[in-house]
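Using our numbering, you'd call the opening residue of the sequence shown number 262 and step up by one each time.
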Amino acid sequence: MARHASVRAIETQSHADDKQWLTYWVLYSLLTLFELTFAKLIEW
């Protein structure tokens, strides 16, 4: 769902929704990277 909403936001003229979804994806990527990096420590 987020992927579809991101594409729709890019297709609009508004830059506010682009910024919102860019922020979402950056945070999502950072959290995923953190989880993958420290998964063994978290599970331990």
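From the three backbone atoms N, C-alpha and C, an ideal C-beta is built for every residue, glycine too.
Just checking my contact of residue i with residue j at CB under 8 angstroms: how many whole Å lie between their CB atoms?
i	j	result
tryptophan 282	alanine 300	At roughly 26 angstroms, the Cβ-Cβ gap does not stay under 8 angstroms, so tryptophan 282 and alanine 300 are not in contact.
Distance check for residue j and residue i, CA to CA, integer angstroms please.
i	j	result
leucine 292	tyrosine 285	11 angstroms
isoleucine 303	aspartate 279	33 angstroms
valine 287	tryptophan 305	27 angstroms
Whose C-beta lies closer than 6 angstroms to the C-beta of residue i among residues of the same chain, with five residues either side of it excluded?
i	result
phenylalanine 295	none
isoleucine 272	In the sequence as displayed, the identity of residue 272 is glutamate instead of isoleucine. No residues qualify anywhere along the chain.
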